[in-house]
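The structure under discussion appears below in the form of structure tokens.
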Amino acid sequence: MRERFEEPALPGLPRAVRRALVAVWISLGLHAAVIVLVQVAPPAGGRADQPTIEVRLMPASEPVSVHETVAGPAPEERPVAAAAGPAPTPPPLPMPAAPGAAAVPALAVDSAVDLTYYTARELDVQPRALQDIQPTYPPEADRLRQSGTVRLELKIEADGRVSDVSVVGADPPDVFDESARAAFAAARFSPAQKNGRPVRMRMLVEVSYVRDQRPGAGD
Numbered sequence: 002m003r004e005r006f007e008e009p010a011l012p013g014l015p016r017a018v019r020r021a022l023v024a025v026w027i028s029l030g031l032h033a034a035v036i037v038l039v040q041v042a043p044p045a046g047g048r049a050d051q052p053t054i055e056v057r058l059m060p061a062s063e064p065v066s067v068h069e070t071v072a073g074p075a076p077e078e079r080p081v082a083a084a085a086g087p088a089p090t091p092p093p094l095p096m097p098a099a100p101g102a103a104a105v106p107a108l109a110v111d112s113a114v115d116l117t118y119y120t121a122r123e124l125d126v127q128p129r130a131l132q133d134i135q136p137t138y139p140p141e142a143d144r145l146r147q148s149g150t151v152r153l154e155l156k157i158e159a160d161g162r163v164s165d166v167s168v169v170g171a172d173p174p175d176v177f178d179e180s181a182r183a184a185f186a187a188a189r190f191s192p193a194q195k196n197g198r199p200v201r202m203r204m205l206v207e208v209s210y211v212r213d214q215r216p217g218a219g220d
């Protein structure tokens, strides 16, 4: 179900002020099909034919699992005893360990580093945007009343940073790509969590730019 935030009808503006900015608060909640649908607000005044930008969470494939095992210390090489020679002197008895000295195996609680990028359905706690995500409606596309869709893949690190944003599809191509990519690349999220610890996340989102196609609207 789509939730729309409708603005009241406002008088039209001249073409000089048609460049619009989106003020988006995107909350990546539990399995929501449509995350948010926002109404574009022009920098000054208002107009009746305001474009909208819609962001939806797309179904993701299996998580990208990259488990890396931290290598332990290399086994100490022992010298090969000579075939002939005097009998070796017995080594001295080992000194008792100092109090409080922990055994090395006890410190190696978990030697595996989880580098998996989990999907939303696999998480216990979903990431949330810590600030507004503000894509812009490209001025030329706004002037030409052009609509389109961009599909992005985000890789969010365990500390909430967006480490990679890839455009996996766009229609039309090379029109809204940079607007969507730049907005999400600058975003910062609260960490996703699984089993009580922060983890990485891979997310697919679809950003739809919708422009009123009615002839003469807003002129």
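Numbering-wise (my numbering), the sequence shown opens with residue 2 and increments by one.
Think of the CB as a built atom: it goes at the ideal place given N, C-alpha and C, for glycine as much as any other residue.
Does the ligand FMN have a heavy atom nearer than 7 angstroms to the CB of R182?
-> Ligands in the displayed structure: none, and consequently the ligand FMN is not present.
Under the DSSP definition of a beta bridge, which residues are partnered with S191?
-> The residue given as residue 191 occupies position 190 in the sequence shown. Looking at the DSSP assignment, S191 forms no beta bridge with any residue, so it has no partner.
Cβ of S167 within 8 angstroms of Cβ of E55?
-> Stepping through the sequence shown from its first residue, residue 167 is reached at position 166. Stepping through the sequence shown from its first residue, residue 55 is reached at position 54. With contacts defined by Cβ atoms closer than 8 angstroms, S167 and E55 do not form a contacting pair.
Boundaries (first-last residue) of the alpha helix (DSSP H) holding E154 = Here the question's residue 154 lines up with position 153 in the sequence shown. That residue, E154, is in no alpha helix (DSSP H); its beta strand (DSSP E) goes 149-157.
Looking at C-beta atoms only, is the number of pairs between the stretch 182-202 and the stretch 131-144 that lie closer than 8 angstroms three or more?
-> Contact between the stretch 182-202 and the stretch 131-144 is present: 3 or more CB-CB pairs across the two stretches fall below 8 angstroms.
Straight-line Cα distance separating L124 from R203 | The count along the sequence shown starts at 1 and reaches residue 203 at position 202. The count along the sequence shown starts at 1 and reaches residue 124 at position 123. In a straight line, the C-alpha of R203 is about 11 angstroms away from that of L124.
Return yes when the Cβ of G170 is within less than 8 angstroms of the Cβ of R152, no when it is not.
-> As a first step, residue 152 must be located in the sequence shown, where it is residue number 151. As a first step, residue 170 must be located in the sequence shown, where it is residue number 169. Yes.
Through-space distance from T150 to T120, alpha-carbon basis | As a position in the sequence shown, residue 120 is number 119, starting the count at 1. As a position in the sequence shown, residue 150 is number 149, starting the count at 1. Using only the alpha carbons, I get a separation of about 22 angstroms.
Count the other C-beta atoms from every protein chain shown that fall within 10 angstroms of the C-beta of R144, then say buried if there are 16 or more, exposed otherwise.
-> Reading the sequence shown from its first residue, position 143 is the one you call residue 144. Around the Cβ of R144, a 10 Å sphere holds fewer than 16 other Cβ atoms; the residue is exposed.
Is it true that the CB of P192 sits closer than 8 angstroms to the CB of D160?
-> One-based indexing of the sequence shown puts residue 160 at position 159. One-based indexing of the sequence shown puts residue 192 at position 191. Yes, the pair counts as a contact, with Cβ atoms nearer than the cut-off.
Which residue comes first and which comes last in the beta strand (DSSP E) that contains E207?
-> As a first step, residue 207 must be located in the sequence shown, where it is residue number 206. 198-211 is the span of the beta strand (DSSP E), which, as asked, contains E207.
Between the beta-carbon of A142 and the beta-carbon of V163, is there less than 8 angstroms?
-> Mapped onto the sequence shown, residue 142 falls at position 141. Mapped onto the sequence shown, residue 163 falls at position 162. Contact check for A142 against V163 fails: the beta carbons are separated by 8 angstroms or more.
C-alpha gap between P139 and P52, whole angstroms = One-based indexing of the sequence shown puts residue 139 at position 138. One-based indexing of the sequence shown puts residue 52 at position 51. The straight-line gap from Cα to Cα measures roughly 11 angstroms.
Reduced DSSP category for D160 - H, G, I as helix; E, B as strand; rest coil | Along the sequence shown, one-based indexing puts residue 160 at 159. DSSP places D160 in the coil class of the three-state scheme, outside both helix and strand.
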